[in-house]
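Residue numbers (mature numbering (1 follows the signal peptide of the UniProt record, and there is no 0)): -21 to -1, 1 to 170. Below is one structure; the comments refer to it alone.
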Amino acid sequence: MKKILLLLTLLLSIQFSTVSAQTQLEVNGVTVPRKIEFQGKTLQLNGAGGRSKMWLEVYVQALYLSQLSQDPQFIIDSDTEMAIRIEITSSMVSSNKLTKAMNAGFEKSAGSNLEELRPRIEQFKALLSDAITEKDVFVLGYNPLDQTINVYKNEVLKGKVSGFDFKKALFGIWLSDKPVDDTLKKHLLGI
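Put into structure tokens, the structure is as follows:
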């Protein structure tokens, strides 16, 4: 009888830990939710990974989609709700460093559209210009209804940047053929 009770207890604890593991994921010490709500829709975690610069983990990023995919071009070209969640993991990250990194990323992903996107890139960078501290969370959510990127910092809407072309360039920073980090790209795609 004791063995049966012990076995039942073990099975139940495994079941509860599995349920708990399904609602969140841990990446480099950061708890990443498996689902987020955006514009009244539930978006699913497609993949997550850490970004490091010079052997220092600087942030953990997650990609959320309404339709999961491992095809980076499909995600970039998709006109559906999606979001990127970035949690800062280092006090070395400043708004100046983040916007410089975004600039470099846009230069790689925007290609010949860079000059056309420049005013909106500057608008986007202005939304990231507040002081940044460790554990700050940014959500960059794309709303297909008005084709805007909604920029949230710690669950507060900082502003919106319009254009499907801007959305493609933004997501291309991490998912294009010239991503800022090949390993992070694979993690975001769940590969």
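Glycine residues also receive a C-beta, built at the ideal position from the N, C-alpha and C atoms.
_Cβ distance (whole Å) where Leu44 is taken to contact Leu22 below 8 Å_ = As a position in the sequence shown, residue 44 is number 65, starting the count at 1. As a position in the sequence shown, residue 22 is number 43, starting the count at 1. Contact annotation, Leu44 with Leu22: C-beta distance approximately 6 Å; criterion of less than 8 Å satisfied.
*Should Lys114 and Thr78 be called a contact, given that it needs their Cβ atoms to be closer than 8 Å?*
The count along the sequence shown starts at 1 and reaches residue 114 at position 135. The count along the sequence shown starts at 1 and reaches residue 78 at position 99. Against a cut-off of 8 Å, the Cβ pair of Thr78 and Lys114 comes out as no contact.
*Can you tell which of Val37, Gly8, Ser88 and Glu86 has its C-alpha closest to the C-alpha of Phe67?*
The residue given as residue 67 occupies position 88 in the sequence shown. Going by the sequence as given, residue 67 is Ile instead of Phe. Closest option to Ile67, Cα to Cα, is Val37.
*asked:* I'd like to check one pair, Val72 with Val39: are the Cβ atoms closer than 8 Å?
replied: In the sequence shown, the residue the question calls residue 39 occupies position 60. In the sequence shown, the residue the question calls residue 72 occupies position 93. Cβ distance not < 8 Å, so Val39 and Val72 don't count as in contact.
*DSSP state of Glu36, grouped into three classes?*
By one-based count along the sequence shown, residue 36 stands at place 57. Glu36 sits in a strand when the DSSP states are folded into three classes.
*asked:* Using a Cβ-Cβ cutoff of less than 6 Å, which residues in the same chain neighbour Ile55 once the five nearest sequence positions on both sides are dropped?
replied: Within the sequence shown, residue 55 is the residue found at index 76, counting from 1. Only Lys147, Phe150, Gly151 and Leu154 meet the Cβ criterion.
*Are the segment 131 to 143 and the segment 95 to 111 in contact at 8 Å, needing three or more beta carbon pairs?*
These segments touch.
*Count the other CB atoms within 10 Å of the CB of Gly29; is the residue buried (16 or more) or exposed (fewer)?*
Locating residue 29 in the sequence shown gives position 50, counting from the first residue. Buried, since its Cβ has 16 or more Cβ neighbours within 10 Å.
*Own chain residues within Cβ distance below 8 Å of Glu95, not counting five before or after*: As a working mapping, residue 95 is identified with position 116 in the sequence shown. Answer for Glu95: Asp144, listed in chain order.
_Buried versus exposed, by CB contacts within 10 Å (16 or more), Arg97_ = Reading the sequence shown from its first residue, position 118 is the one you call residue 97. So Arg97 counts as exposed.
*State the CB to CB distance for the pair Ala62 and Phe17, rounded to an integer number of angstroms; the pair is presumed to be in contact (CB under 8 Å).*
Taking the sequence shown and counting its residues from 1, one reaches residue 62 at position 83. Taking the sequence shown and counting its residues from 1, one reaches residue 17 at position 38. Confirmed, Cβ separation roughly 5 Å.
*Can you give me the Cβ contacts of Asn129 inside the same chain, cut-off strictly under 7 Å, excluding the 5 residues immediately before and after it?*
One-based indexing of the sequence shown puts residue 129 at position 150. Only Gly120, Asn122, Leu136 and Lys139 meet the Cβ criterion.
*Residue from Val9, Pro158, Leu163 and Thr162 with nearest C-alpha to Glu86*: Here the question's residue 86 lines up with position 107 in the sequence shown. Residue Pro158 holds the alpha-carbon nearest to the alpha-carbon of Glu86 among Val9, Pro158, Leu163 and Thr162.
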